[in-house]
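Q: Position one of the sequence shown corresponds to residue 23 (the numbering used here), numbered consecutively onward. Glycine residues also receive a C-beta, built at the ideal position from the N, C-alpha and C atoms. The structure displayed is predicted, hence computed values, not measured ones.
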Amino acid sequence: MTRLLLEILSDDGNRLAYLPGLLYNTFEPSFPRRSMENYTILVVEDEANMARLLEFQLRKAGYQVIQARDGQDGLQVAREKQVDLILTDIMMPMMDGYELCRAVKKSPDLKHLPVLMLSAKIDRASIIHGYAVGAARYLTKPLKREELYKGIDLRLKYASKARSMLARKAKEWSGKLSVVNIFKLLELFSVGGWTGRIEIINIEGQHGCLHLNQGAIEHCSLEGQINMFNIFVVLSWEQGSFEATRY
Numbered sequence: 023m024t025r026l027l028l029e030i031l032s033d034d035g036n037r038l039a040y041l042p043g044l045l046y047n048t049f050e051p052s053f054p055r056r057s058m059e060n061y062t063i064l065v066v067e068d069e070a071n072m073a074r075l076l077e078f079q080l081r082k083a084g085y086q087v088i089q090a091r092d093g094q095d096g097l098q099v100a101r102e103k104q105v106d107l108i109l110t111d112i113m114m115p116m117m118d119g120y121e122l123c124r125a126v127k128k129s130p131d132l133k134h135l136p137v138l139m140l141s142a143k144i145d146r147a148s149i150i151h152g153y154a155v156g157a158a159r160y161l162t163k164p165l166k167r168e169e170l171y172k173g174i175d176l177r178l179k180y181a182s183k184a185r186s187m188l189a190r191k192a193k194e195w196s197g198k199l200s201v202v203n204i205f206k207l208l209e210l211f212s213v214g215g216w217t218g219r220i221e222i223i224n225i226e227g228q229h230g231c232l233h234l235n236q237g238a239i240e241h242c243s244l245e246g247q248i249n250m251f252n253i254f255v256v257l258s259w260e261q262g263s264f265e266a267t268r269y
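Here it is as structure tokens:
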């Protein structure tokens, strides 16, 4: 469990000394686990072979699975069925994964659902787009099974424990984007379900601020100005410093 939390912040887990208020011991705690059979995942994927593979892997892990063939179908299923998490491809007919995620996050009845994106598009612009529309995590193909389980488990099976552990950690911390990138910070807020802000100053001295509500980006300011395009600019910064605060 704690190893999964460490990996939210760093892919290799070796540079976290930079954030002393967020370090965890490396022991594995014992705590009651909710059966995965109680969780239902909506898989939105238009490619039949990939859809079958994902369903097989998730059912093997003990999850219930509902499938949808595109974003439009997925949105309807999410409204009609009780699901706990959405795992969606991006490139699909009718409604793509970006549009689906945006629609879910705008719906009062669905906005609480974590949306994990799965795509062969690995360019930074595509990843930025995913987080900008509200994705809790962006996974790339070919997908490692361990990455899939980690992304889902922290938001379902281990969600309560993860939030409890994170709640005991520092409420303010700072660092460099070269050590902890902005996507890892967003994942931390997502798993913690935190409300707060992430202030960033890039290497050119520009100031941006991400405001989050219960783990989701609410709005983004750039040099004190708020508009819908700022988030794409701020999320593109790879160098600079940050200060994160949870309320």
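State buried or exposed for residue 269, treating a residue as buried only when at least 16 other CB atoms are found within 10 Å of its CB.
A: Against the sequence shown, residue 269 aligns to sequence position 247. So residue 269 ends up on the exposed side.
Q: Just how far apart, CA to CA, sit residue 171 and residue 72?
A: By 1-based counting over the sequence shown, the position of residue 171 is 149. By 1-based counting over the sequence shown, the position of residue 72 is 50. Cα to Cα, residue 171 sits roughly 16 Å from residue 72.
Q: When you compare only the Cα positions, how much space is there between residue 68 and residue 165?
A: Locating residue 68 in the sequence shown gives position 46, counting from the first residue. Locating residue 165 in the sequence shown gives position 143, counting from the first residue. Their Cα atoms are separated by approximately 16 Å.
Q: Could you say which of 221, 225, 105 and 189 lies nearest to residue 131 if we only look at CA atoms?
A: For the purposes of this step, residue 131 is taken as the residue at position 109 of the sequence shown. That would be 105, whose Cα lies nearest to the Cα of residue 131.
Q: Do residue 262 and residue 223 count as a contact pair if the criterion is CB distance below 8 Å?
A: Here residue 223 corresponds to residue number 201 of the sequence shown, with the count starting at 1. Here residue 262 corresponds to residue number 240 of the sequence shown, with the count starting at 1. Yes.
Q: For residue 243 and residue 78, what's the separation of their Cα atoms in angstroms?
A: By 1-based counting over the sequence shown, the position of residue 243 is 221. By 1-based counting over the sequence shown, the position of residue 78 is 56. Distance between the alpha carbons of residue 243 and residue 78 is about 42 Å.
Q: Please say whether residue 123 and residue 100 have beta carbons closer to each other than 8 Å?
A: Within the sequence shown, the letter at position 78 stands for residue 100. Within the sequence shown, the letter at position 101 stands for residue 123. Cβ distance not < 8 Å, so residue 100 and residue 123 don't count as in contact.
Q: Would a C-beta distance cut-off of 8 Å place residue 188 and residue 230 closer than the cut-off?
A: As a working mapping, residue 188 is identified with position 166 in the sequence shown. As a working mapping, residue 230 is identified with position 208 in the sequence shown. Contact flag unset, no.
Q: Excluding five sequence neighbours on each side, which residues of the same chain lie with their C-beta closer than 8 Å to the C-beta of residue 300?
A: Here the chain covers residues 23 to 269 and nothing more, so residue 300 does not appear.
Q: Does DSSP put residue 78 in a helix, a strand or coil?
A: Indexing the sequence shown from 1 puts residue 78 at position 56. Correct three-state label for residue 78: helix.
Q: I'd like to check one pair, residue 178 with residue 107: are the Cβ atoms closer than 8 Å?
A: Working through the sequence shown from its first residue, we reach residue 107 at position 85. Working through the sequence shown from its first residue, we reach residue 178 at position 156. Result yes, Cβ atoms of residue 107 and residue 178 sit closer than 8 Å.
Q: Any chance you could list the alpha helix (DSSP H) runs of at least 4 consecutive residues sitting entirely within the segment 106-157, in chain order?
A: Entirely contained in the segment 106-157, the alpha helix (DSSP H) runs reaching 4 residues are, in chain order, 119-128 and 146-154.
Q: Alpha carbon to alpha carbon, how far is residue 96 from residue 227?
A: As a working mapping, residue 96 is identified with position 74 in the sequence shown. As a working mapping, residue 227 is identified with position 205 in the sequence shown. Computed Cα separation, rounded: 42 Å.
Q: Does the Cβ of residue 272 have 16 or more other Cβ atoms within 10 Å, making it buried, or fewer, making it exposed?
A: As displayed, the chain neither begins before 23 nor continues past 269, which places residue 272 out of reach and without an answer.
Q: According to the neighbour-count rule (16 or more other Cβ atoms, all chains shown, within 10 Å of its Cβ), is residue 209 buried or exposed?
A: One-based indexing of the sequence shown puts residue 209 at position 187. With 16 or more other Cβ atoms within 10 Å, it is buried.
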